[in-house]
Each structure stands twice: as C-alpha cells, then as structure tokens.
Amino acid sequence: MLAMHQVVRVVRDVPEQGVTKGMVGAVVEVFELPRAAFEVEFVDAEGRTVRQATLAEDDLEPVRNGVPGTA
C-alpha cells in the first residue's frame, strides 16, 4: 500500500484524470473506502501544482531515489 507523501510514477495513461504514463508526483491523500485510491499532486520545475488526480494503486508505482518500483 502506498503512503502519504510517497513519490510515485504513473504506469499507464489515465485520460479521464488527465495524467499520462511516466508522470511523477506525490501522494497527498489516501482513501480506503469504497476501495483504495490515492490523491496525487503533480508539480512543475518551480513547484507549482500542474495537476491533482485521484488514482488507483494499480495506476501507480513507488519511486525511491529515482528508481521506479522500489518502496
């Protein structure tokens, strides 16, 4: 399970949420009901929010030290 403030990468395009594979963001909210979901914030190089999306766990992979798939 992903956690608050964890850095994640999108693993597939999710057009209904406006995100594409490879985008990197941080988990800013965790939802448990009715099923696990995560609010992820994506920022630009200046730290401004460019997108916030609610995604399922299977849409995301954890990133640690720039290495996808590690927790």
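With the first letter of the sequence shown counted as 1, position 51 gets the number 52 in the working numbering; the numbers rise by one all the way through. Beta carbons are placed, not taken as given, at the ideal position from N, Cα and C, and that holds for glycine.
Return yes when the Cβ of residue j is within less than 9 Å of the Cβ of residue i, no when it is not.
i          : j          : result
residue 31 : residue 9  : no
residue 65 : residue 24 : no
Given a threshold of 16 other Cβ atoms within 10 Å of its Cβ, counted over all protein chains shown, does residue i qualify as buried or as exposed?
i          : result
residue 19 : exposed
residue 34 : exposed
residue 59 : exposed
Alpha carbons only, please: which of the options is nearest the one belonging to residue i?
i          : options           : result
residue 7  : 26, 14, 13 and 17 : 26
residue 15 : 49, 2, 41 and 4   : 41
Since residue i and residue j are thought to touch, with beta carbons under 8 Å apart, how far apart are those beta carbons, to the nearest angstrom?
i          : j          : result
residue 38 : residue 56 : 7 Å
So, with DSSP's three-state summary, where would you put residue i?
i          : result
residue 53 : strand
residue 58 : helix
residue 35 : coil
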